[in-house]
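Step one of this worksheet: look at the structure below.
Protein chains in written order, with my numbering: chain E, 13 to 120; chain V, 2 to 318.
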């Protein structure tokens with residue numbers, strides 16, 4: 013059952029084809045992000061040449077710096093709070109077998 | 002000294018007899034191993050402050066004519082709830098939410114499971130393919146929504162691809178046609194969530210003992226029979242978790258729908274969550290929004306509880 017057979021090769025081809033379809037939206041996203049901002053939008057084919065200035069323009073024009081700091085602060089504080097509070101509570105909840113212990117998992 | 006504690010040396014070849022079970026207390030009864038209840042108190046306080054208190058306050062305000070500013074409000078009974086059920090758009094959003102939840106739950110779990118089964122085999126590119134299928138999960142739902150809006154607009158990528166293949170007859174206004182828009186939104190959500198389900202199914206599949214599958218194969222069971230009779234029952238836990246997460250997540254679906262269609266056209270893709278948002282922040286009808294929010298919470302809570310009990314019973318069976 014662990015051999016690479018003709019059936020496995022066929023499965024590999026199918027999975028690669030599905031993966032190619034899955035990647036289309038991601039490729040479109042990258043293509044749009046790196047497109048010449050002065051060009052008319054083309055909906056077929058990957059953009060060329062690549063224009064990385066869109067990324068620097070986006071980071072300065074939309075104040076990405078403060079947004080990034082806000083995201084980091086929110087993530088750090090919430091993760092720290094969740095680890096401290098939830099780990100203590102989950103330890104007690106899982107070690108005790110009272111009725112409320114099972115019921116409490118529903119509220120999570 | 003009791004007779005059982007006499008110090009007669011045991012012979013070297015003596016068989017060790019395990020002590021009587023009754024003399025050993027069960028782990029949770031042993032002194033010092035019982036965790037203190039106060040460990041739960043910080044979590045309870047946070048839960049009350051963040052979840053219970055706002056929900057109770059929202060529930061109370063849903064029976065008033067609160068204008069959203071200040072504390073002045075007078076009791077109006079169930080008028081706000083009557084308005085919700087008299088509003089065709091709100092009722093339509095409830096139907097849309099159930100349709101979307103059903104379609105996405107089925108689509109995401111079937112695709113996730115098929116991908117996991119395929120990638121749990123000996124294919125050489127399995128590690129790279131797992132990464133590719135998981136990539137959409139990393140995107141923010143808002144970004145995924147705008148991306149799919151770009152793909153599905155009348156002159157977008159999908160119609161351009163169909164045109165280049167000579168399939169002009171299949172070109173549609175995917176997000177402008179009220180009959181198609183909900184399915185288009187579902188496709189975007191399934192695309193983004195299938196990788197997440199796949200990872201949970203893969204974790205379950207990797208715990209399936211290969212001996213059971215090999216024994217079934219030697220008994221003449223084919224791949225479909227082995228999957229149906231051995232693999233699926235053994236990954237029941239992963240199926241339960243996936244169904245619970247998908248159903249509850251999609252009943253509250255907001256980001257992708259709002260960024261793709263804002264609930265349009267003509268409310269054809271409106272969900273309960275987008276209706277709550279619009280009532281509160283677009284039309285400034287706070288009492289209605291609160292009544293809709295309470296109903297949404299009730300629906301999610303009841304369905305989640307029923308599903309939890311049913312699946313828990315099935316998992317124990």
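Note that the Cβ used here is the ideal one computed from N, Cα and C, for glycine as well.
If you check the beta carbons only, do residue i and residue j fall under 8 Å apart?
i, j, result
"residue 58 of chain E", "residue 43 of chain E", "yes"
"residue 299 of chain V", "residue 187 of chain V", "no"
"residue 155 of chain V", "residue 266 of chain V", "no"
"residue 166 of chain V", "residue 172 of chain V", "no"
"residue 209 of chain V", "residue 228 of chain V", "no"
"residue 202 of chain V", "residue 239 of chain V", "yes"
"residue 97 of chain V", "residue 215 of chain V", "no"
"residue 49 of chain E", "residue 66 of chain E", "yes"
"residue 20 of chain E", "residue 122 of chain V", "yes"
"residue 192 of chain V", "residue 37 of chain E", "yes"
"residue 135 of chain V", "residue 200 of chain V", "yes"
"residue 46 of chain E", "residue 64 of chain E", "yes"
"residue 113 of chain V", "residue 198 of chain V", "yes"
"residue 109 of chain V", "residue 247 of chain V", "yes"
"residue 69 of chain V", "residue 296 of chain V", "no"
"residue 269 of chain V", "residue 182 of chain V", "yes"
"residue 149 of chain V", "residue 288 of chain V", "no"
"residue 119 of chain V", "residue 25 of chain E", "no"
"residue 130 of chain V", "residue 31 of chain E", "yes"
"residue 86 of chain V", "residue 77 of chain V", "no"
"residue 97 of chain E", "residue 47 of chain V", "yes"
Please state whether DSSP places residue i in a helix, a strand or coil.
i, result
"residue 58 of chain E", "coil"
"residue 7 of chain V", "Any reading at residue 7 of chain V needs caution, since the residue's pLDDT is 47, under 50, leaving its predicted position unreliable; the model's value is listed next. Of the three classes helix, strand and coil, the one that applies to residue 7 of chain V here is coil, per DSSP."
"residue 282 of chain V", "helix"
"residue 76 of chain V", "strand"
"residue 98 of chain V", "helix"
"residue 275 of chain V", "helix"
"residue 298 of chain V", "helix"
"residue 65 of chain V", "strand"
"residue 121 of chain V", "coil"
"residue 2 of chain V", "Low confidence applies to residue 2 of chain V: its pLDDT is 41, below 50, so where it sits in the model is not reliable, and the reading given next is rough at best. Of the three classes helix, strand and coil, the one that applies to residue 2 of chain V here is coil, per DSSP."
"residue 179 of chain V", "coil"
"residue 206 of chain V", "helix"
"residue 239 of chain V", "helix"
"residue 76 of chain E", "helix"
"residue 89 of chain V", "helix"
"residue 219 of chain V", "helix"
"residue 172 of chain V", "coil"
So with CB distances below 8 Å, who are the chain E contacts of residue i?
i, result
"residue 125 of chain V", "16, 24"
"residue 36 of chain V", "103, 104, 107, 108"
Comparing the C-beta of residue i with each C-beta of chain E, is any distance below 8 Å?
i, result
"residue 122 of chain V", "yes"
"residue 44 of chain V", "yes"
"residue 161 of chain V", "yes"
"residue 192 of chain V", "yes"
"residue 184 of chain V", "no"
"residue 7 of chain V", "Low confidence applies here, because residue 7 of chain V scores a pLDDT of 47, under 50, leaving its location unreliable; read the following figure in that light. Cβ-Cβ to chain E under 8 Å: no for residue 7 of chain V."
"residue 102 of chain V", "no"
"residue 165 of chain V", "yes"
Using beta carbons (cut-off 8 Å, strictly below), is residue i in contact with chain V?
i, result
"residue 45 of chain E", "no"
"residue 80 of chain E", "no"
"residue 34 of chain E", "yes"
Which residues in chain E sit within 7 Å of residue i, going by Cβ to Cβ distance?
i, result
"residue 249 of chain V", "Going along chain E, no residue has its Cβ under 7 Å from residue 249 of chain V, so there is no contact; the nearest lies around 11 Å."
"residue 119 of chain V", "23, 27"
"residue 136 of chain V", "38"
"residue 152 of chain V", "37, 40"
List, in order along the chain, the chain V residues whose C-beta lies closer than 8 Å to that of residue i?
i, result
"residue 100 of chain E", "40, 41, 43, 44"
"residue 97 of chain E", "43, 44, 47"
"residue 88 of chain E", "None at all; the shortest Cβ gap to chain V is about 17 Å."
Quick test of your reading: residue i and residue j, contact by CB under 8 Å. State the CB separation rounded to the nearest angstrom.
i, j, result
"residue 63 of chain V", "residue 292 of chain V", "5 Å"
"residue 252 of chain V", "residue 190 of chain V", "Not confirmed; about 12 Å, so no contact."
"residue 117 of chain V", "residue 245 of chain V", "Incorrect: roughly 17 Å between the Cβ atoms, too far for contact."
"residue 262 of chain V", "residue 176 of chain V", "6 Å"
"residue 73 of chain E", "residue 44 of chain V", "Actually they are not in contact, since the Cβ atoms of residue 73 of chain E and residue 44 of chain V sit about 42 Å apart, beyond 8 Å."
"residue 65 of chain V", "residue 74 of chain V", "4 Å"
"residue 94 of chain V", "residue 257 of chain V", "In fact, because the Cβ distance is near 15 Å, the residues do not count as touching under 8 Å."
"residue 301 of chain V", "residue 235 of chain V", "Wrong, their Cβ atoms sit about 30 Å apart, outside the cutoff."
Give the residues of chain V in contact with residue i, contact being defined as C-beta atoms less than 7 Å apart.
i, result
"residue 31 of chain E", "130, 133, 134"
In chain E, what lies closer than 9 Å to residue i by C-beta?
i, result
"residue 148 of chain V", "37, 38, 40, 41, 44"
"residue 158 of chain V", "36, 37, 40, 55, 56"
In chain V, what lies closer than 9 Å to residue i by C-beta?
i, result
"residue 20 of chain E", "122, 123, 124, 125"
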